[in-house]
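For the sequence shown, position 160 (counting from the first letter as 1) is numbered 160 according to UniProt numbering, and the numbering increases by one without interruption.
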Amino acid sequence: MQPLTVHTGSAVPLRRSNVDTDQIIPARYCLTVSRTGFADHLFHTWRQDPDFVLNRPEYTHASVLLAGPDFGTGSSREHAVWALQDFGFRVVVSARFGDIFRGNATKSGLLPAQLDEDAVLALQQRVEADPALPVTLDVIERRVRCAELDLPLEIDDFTRRRFLEGLDDIDLTLRHAAAITAYEAGRPAGLPAVRA
C-alpha cells in the first residue's frame with residue numbers, strides 16, 4: 001500500500017446522500033479480484049446522464065471526492081473501493097461512511113476522510129464556485145485545507161499510522177514475523193502449523 005501523508009488535488013462535489021456500494025459499482029461488474037478495470041463502471045447508472053458531475057470536464061482529473069453523508073453503505077464489496085481508486089480518487093470526504101466500506105477503504109489505501117456535515121458542505125460550495133481550487137488532506141497534521149478553510153480531520157491513531165506508513169494487513173502481520181516464527185517453533189510437532 002502506498003503511504004499517504006499529505007495529498008493535494010482537485011475535488012468533485014457529489015451532492016448525494018446514502019450512496020450505497022451498488023450505486024458506486026453495480027454487482028454485475030464485480031466479476032474479478034484484479035483491483036483494476038473498474039473505472040469505466042464507477043457510478044455506472046448515474047454516468048449515463050451527461051449532466052452527472054463526473055461527466056463534467058471541469059472535474060475530469062479530480063482525486064478527492066466530496067460526498068454527501070452515509071457514503072458506501074450497503075453490501076461489503078471491495079470493488080466499490082477499487083472502482084474509486086481505479087478512477088483516480090485517493091480520498092473520499094464524507095460526514096459518515098458505511099462501516100464495511102470504511103474498513104475496505106482503509107485496508108486498500110483509499111482515505112475515508114470524515115468531517116462534520118457543515119464542513120463537507122462548505123468544501124462542496126468552495127469547489128463548485130471554483131472547480132480548479134485544490135483541496136489538501138494532511139494526515140500528518142490531521143487537517144483539511146481548501147481556500148480559507150482549515151478544518152480538523154477526524155482520523156483515529158491506528159488508521160493514521162496505516163496511511164502514514166503505507167501498511168496493509170499483510171504488512172502489519174509481517175511486523176510480527178519473528179514472534180510468529182518463535183511461537184510456531186515452540187508448538188508440538190504433531191499440531192497443525194503455518195509454513196511459508
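Note that CB positions come from ideal geometry on N, CA and C, so glycine has one too.
Counted as a single uninterrupted DSSP element, the beta strand (DSSP E) harbouring residue 135 occupies residues 134-138. Residue environment: residue 18 is assigned as exposed (fewer than 16 neighbouring CB atoms within 10 Å of its CB, all protein chains considered). Comparing C-alpha distances from residue 6 to each of 20, 121, 163 and 98 shows the shortest one belongs to 163. Cβ neighbours of residue 8 within its own chain (closer than 6 Å, five residues either side excluded): 134 and 136. Spatial neighbours of residue 31 in its own chain (CB-CB distance under 6 Å, excluding positions within 5 residues in sequence) are not present. With 16 or more other CB atoms across the displayed protein chains lying within 10 angstroms of its CB, residue 66 is buried. When beta bridges are read from the DSSP output, residue 147 appears opposite no residue. Distances from the alpha-carbon of residue 117 to those of 159, 169, 70 and 172 put 70 closest. Runs of the beta strand (DSSP E) lying entirely within the region 91-133 and spanning at least 3 residues, in chain order: 91-94 and 111-114.
In this structure, residue 114 sits near residue 154, with a CB-CB distance shorter than 8 Å.
With a cutoff of 8 Å on beta-carbon distance, residue 23 and residue 43 are scored as near each other.
DSSP places residue 31 in the coil class of the three-state scheme, outside both helix and strand. Setting aside the 5 residues that flank it on each side, residue 54 is surrounded in the same chain by 12, 43 and 47, each with a C-beta closer than 7 Å to its C-beta; the list follows chain order. Residues of the same chain with a CB within less than 8 Å of the CB of residue 161, apart from the 5 flanking positions on each side, are 167 in chain order. Here residue 186 is exposed. Its C-beta has fewer than 16 other C-beta atoms within 10 Å.
Take the alpha-carbon of residue 172 and the one of residue 72: they are about 25 Å apart. Rounded to the nearest whole angstrom, the C-alpha separation of residue 94 and residue 104 is 15 Å.
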